[in-house]
Amino acid sequence: VFSNCAPAVAGRAGRAPTQLAYARAGIITPEMEFVAIRENLGRRPGEPAPRDGQDWGASIPPYVTPEFVRAEVAAGRAIIPANINHPESEPMIIGRNFLVKINANIGNSAVSSSMAEEVDKLVWAIRWGADTVMDLSTGRNIHTIREWILRNSPVPIGTVPIYQALEKVGGVAEELSWDVFRDTLIEQAEQGVDYFTIHAGVRLAYVPLTASRVTGIVSRGGSIMAKWCLAHHRESFLYEHFEEICEICRAYDVSFSLGDGLRPGSIADANDAAQFAELETLGELTRIA
């Protein structure tokens with residue numbers, strides 16, 4: 004569709020062209036410098052407003068420097084979602100010691116929307132203040148729609164790769180495989196997706212813990228993986244291949260959003276065994292990533 008685009012690039016074997024790697028090596032990147040300027044400019048409108056309440060451990064300096072940005076990224080308290088194949092994006096940062104960011108969800112479905120409509124949603128979401136946008140398309144032409152969104156987006160774009168992987172196997176969760184999912188990850192990373200939501204915390208042993216829930220599994224990605232695990236009576240391929248997922252993301256500087264596939268859908272199901280079991284696993288995966 005966009006014939007004048009540069010070919011996709013990736014880090015060489017053993018190399019990590021990521022903001023995290025640069026930060027831990029003590030290198031301040033142009034992205035970090037841009038982020039520092041942006042954070043300082045973003046504070047000005049709110050400076051005269053009165054403040055009340057707790058800071059809950061946040062340690063925000065009066066002036067954000069590039070070195071402060073580097074240190075926060077290196078410590079793992081902040082991320083700069085910036086795929087090396089998304090040059091249209093303006094660097095921004097998400098972290099506890101920075102301004103609060105707003106995400107907007109868009110995407111087509113099997114019954115509605117077109118490429119023009121999705122780009123229109125993107126434009127209006129950004130115009131009204133979205134800092135990041137997620138493309139949650141589940142219908143046809145997912146690849147093409149995502150290409151149009153990415154090439155027109157000055158903000159980071161996220162996806163849930165399992166949605167497109169499911170579309171590739173005709174919507175039959177049982178037909179999913181690691182090979183299909185891996186190819187989908189690489190495809191999206193080469194396009195320029197900045198962050199992936201991956202429901203790797205939904206494990207086979209946790210699915211029966213949801214049987215007594217009032218509202219069951221309400222996460223779409225979580226229900227897809229739960230169905231696959233039960234159909235094959237095998238451990239989730241997302242969990243088993245998580246280190247390989249990390250390698251793919253590292254090669255393109257794609258950030259992680261570890262999806263809570265077993266989150267409760269009602270007060271009645273809150274704080275149950277399934278939710279806490281998944282949270283423990285997400286903590287384990289965070290340390291690996």
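Numbered by the numbering used here, the letters in the sequence shown go through residues 4 to 292 in order.
The beta carbon of each residue, even a glycine, is placed where N, CA and C say it ideally should be.
For clarity, every value in this text was computed on a predicted model and none was experimentally measured.
Is the segment 253-272 touching the segment 190-199, taking contact as three or more C-beta pairs under 8 Å? Taking 8 Å as the limit for Cβ pairs, the verdict is that the segment 190-199 does touch the segment 253-272.
Exercise for the section: Taking 8 Å as the threshold, find out whether the segment 23-30 comes into contact with the segment 75-86 through three or more Cβ pairs. Expected result: Judged by Cβ distances under 8 Å, the segment 23-30 makes contact with the segment 75-86, as three or more pairs qualify.
| said: With distance defined between alpha-carbon atoms, name the residue in Gly286, Ala276, Leu23, Ala292 nearest to His244. | reply: Ranking Gly286, Ala276, Leu23, Ala292 by Cα distance to His244 puts Ala292 first.
query = On the three-state DSSP scale, how would you describe Met95?
reply = In this structure, DSSP gives Met95 a state outside helix and strand, which the three-state scheme calls coil.
Checklist entry - What is the rounded straight-line gap between the Cα of Arg46 and the Cα of Lys124? => result About 27 Å.
Item to check | Cβ neighbours of Trp151 in the same chain (closer than 6 Å, five flanking residues each side left out) | outcome: The residues Met118, Val122, in chain order, have a CB closer than 6 Å to that of Trp151 in the same chain once the five nearest residues on each side in sequence are set aside.
Counting along the chain, where does the beta strand (DSSP E) carrying Leu261 start and finish? Counted as a single uninterrupted DSSP element, the beta strand (DSSP E) harbouring Leu261 occupies residues 258-261.
* Coil, strand or helix - Asn43 by DSSP -> Helix.
Does Ile3 come out as helix, strand or coil in the three-state DSSP assignment?
There is simply no residue 3 to check, as the chain begins at 4 and stops at 292 in what is shown.
**Asked** Helix or strand or just coil, what does DSSP make of Ile248?
**Response** Three-state DSSP puts Ile248 in a helix.
Exercise. What residue range is occupied by the uninterrupted beta strand (DSSP E) comprising Val136?
Worked result: 135-138 is the span of the beta strand (DSSP E), which, as asked, contains Val136.
Expressed to the nearest angstrom, what Euclidean distance is found between the alpha-carbon atoms of Tyr209 and Met228?
-> Annotation: Tyr209 to Met228 spans about 11 Å, alpha carbon to alpha carbon.
Given 8 Å, three or more beta-carbon pairs between the segment 91-106 and the segment 153-161: Short answer: they touch.
**Asked** What did DSSP end up calling Phe279 once you bin it into helix, strand or coil?
**Response** If DSSP states are grouped into helix, strand and coil, Phe279 belongs with the helices.
- Taking Cβ to Cβ, would you say Met35 is nearer than 7 Å to Val72? Here Met35 is near Val72, since their CB atoms are less than 7 Å apart.
Considering just the uninterrupted stretch of the beta strand (DSSP E) at Ala119, what are its terminal residues? Note, Ala119: premise wrong, no beta strand (DSSP E); alpha helix (DSSP H) at 118-130.
Requested in this report: In the DSSP assignment, find the unbroken beta strand (DSSP E) run with Tyr198 in it and report its ends.
Outcome: Element bounds for Tyr198: 198-201.
Backbone secondary structure at Ala107 - three-state DSSP: Ala107: strand per DSSP, three-state reduction.
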